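Numbering (this note's numbering), first residue to last: 278 to 570.
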Amino acid sequence: MSPAGREPAADARSRLSPRELRAAPGQVIGRRIACFDALPSTQDAVRDLGCRGAPEGVAVFAETQTAGRGRRGRTWISPAGRGLWFSVLLRPALPPERLPQIPLAAAVALARACRQAAGVTPAVKWPNDLLWEGRKLGGILAERVAPSGRPPFVVLGVGINVDLAEGELPPDLRGLATSLRAAAGGAPVDRAALARRALRELDAGYRRLAAEGFAGIRAEWRSLAAWLGRTVEVRGPDGAWAGTAVDLDEDGALVVDTAEGRRRFLAGEVSLRDVPRSALSGRPVAAGPPDGP
Ligand code: BTN
């Protein structure tokens, strides 16, 4: 039995394997895949590969992480078989000022993957969270690495709670996080199908960003952020600001109208405490397209 007293879904128990996640022809993200039972953090594994010159697109999955981390040094709880915990090596040919667009494109890609694999479309929260009914369903961690004597690269980490029970969370996170299974009304979610979709959508979004620029991804991101137009609090590098979140701009900055005028944030944390849950849900989708092999 799980700590919460219920049996894990059959899909949650089966291990992910590179064979079942194999990339489609031409796909860069996921063209090489490694799956581990346990790692301290998939971020560190991919960082090591990047420093040793591994090619773009390598993806590392772990069933569990013993030192999973989130943004701002927070711990990321990653129990075995309960979620997708993986990182991808990127070598983007983008100017540094466009790098913040990568996790925004990833959030859109992962929202699509959740819809395709589980019939649930999460909301996106700036800069890189996935939400369902205001609770955190997943998070994205983009780390830029600049090894000496080698070109810099980006490690893109993804954590999606697939079948995480409330009781598996530390007490301070209960009520703040949720899982895809809960969002799907308790229906089991096939982790391998979700992982395949995630890699394919990440790949498509990353190419689109490079080939077409940010405009299309920005439009899709805004459509998944029903909280735009509401009152938020942003803790940025130079303090906390309350105001109305008006937009995501063409650079990927969050634009907020504060009492002291309009401000742009390229980094920070947003609090949506006063936003009703109805604006913090994705939209349930009646039927997603069938999952292919
Ligand atoms: C956040 O919301 O703070 C980002 C969470 C990112 C978690 C993922 S799980 C796979 C990868 N390995 C880590 O240690 N972190 C990322």
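Note that CB positions come from ideal geometry on N, CA and C, so glycine has one too.
A quick note: this is a predicted structure, and the numbers were derived from the prediction, not measured.
Cross-strand partners of residue i (DSSP beta bridge)
i: A406; result: Inspection of the sequence shows that residue 406 is occupied by Asp rather than by Ala. According to DSSP, D406 bridges with K402, G416.
i: L316; result: Q342
i: I437; result: L361, G415
i: A454; result: K413
i: R421; result: V431
i: V270; result: Here the chain covers residues 278 to 570 and nothing more, so residue 270 does not appear.
i: G516; result: G513
i: D524; result: V532
Among the options, nearest to residue i - alpha-carbon criterion
i: D467; options: L543, R392, G506, V523; result: R392
i: P373; options: I494, I310, R421, S291; result: R421
i: E445; options: R359, F491, L407, A370; result: R359
i: L476; options: A400, L367, R375, S456; result: L367
i: G411; options: N405, S355, G452; result: G452
i: G436; options: P424, L471, A464; result: L471
i: D551; options: A544, V511, L531, P404; result: V511
i: A388; options: T508, V533, R499, V523; result: R499
i: P332; options: V385, A419, P428; result: P428
i: I306; options: P404, A400, A336; result: A336
i: L293; options: G303, A301, I310, Q304; result: I310
i: V509; options: V523, A496, E497, A301; result: V523
i: V547; options: K402, R308, A383, D325; result: K402
Backbone secondary structure at residue i - three-state DSSP
i: I306; result: coil
i: E374; result: helix
i: W498; result: helix
i: E443; result: helix
i: D325; result: helix
i: R389; result: helix
i: G538; result: strand
i: P448; result: helix
i: A544; result: coil
i: L557; result: helix
i: P350; result: According to the sequence provided, residue 350 is Gly. The question's Pro does not apply to it. Helix at G350.
i: A384; result: helix
i: R296; result: coil
i: A289; result: With a pLDDT of 45 at A289, under the threshold of 50, the predicted position of this residue should be treated as unreliable, though the coordinate-derived value follows. Of the three classes helix, strand and coil, the one that applies to A289 here is helix, per DSSP.
i: P369; result: coil
i: A492; result: helix
First through last residue of the alpha helix (DSSP H) which encompasses residue i
i: D480; result: 468-489
i: R507; result: Careful: R507 lies outside any alpha helix (DSSP H) and carries neither H nor E.
i: R458; result: 457-460
Residue interval of the beta strand (DSSP E) (run including residue i)
i: L531; result: 531-535
i: V397; result: Element bounds for V397: n/a, residue is neither H nor E.
i: V552; result: Here V552 belongs to no beta strand (DSSP E), and DSSP marks it neither H nor E.
Close Cβ partners of residue i (< 6 Å) along its chain, the five nearest in sequence each way excluded
i: A460; result: V397, W409
i: F313; result: A339
i: G529; result: P377, Q378, L381
i: A344; result: P317, S318
i: G416; result: G347, D406, G436
i: R474; result: A390, Q393, A394
i: T535; result: W518, G520
Sequence-distant residues of the same chain with beta carbon closer than 7 Å to residue i, five excluded per side
i: P553; result: none
i: P424; result: C328
i: E297; result: A469
i: A544; result: G513, P514
i: R540; result: W518, V533
i: G493; result: R485
i: R308; result: A300, G334
i: L557; result: A400, L408, E410, G411, W504, L549
Beta-carbon proximity list for residue i, same chain, < 8 Å, skipping 5 on both sides
i: A564; result: With a pLDDT of 37 at A564, under the threshold of 50, the predicted position of this residue should be treated as unreliable, and no value is reported.
i: D515; result: none
i: Q342; result: A315, L316, P317, S318, T319, W353, S355, W362
i: G506; result: T521, A522, V523
i: L371; result: Q378, I379, L486, A487
i: L525; result: L381, W403, R495, W498, R499, A502, L505, L531, V532
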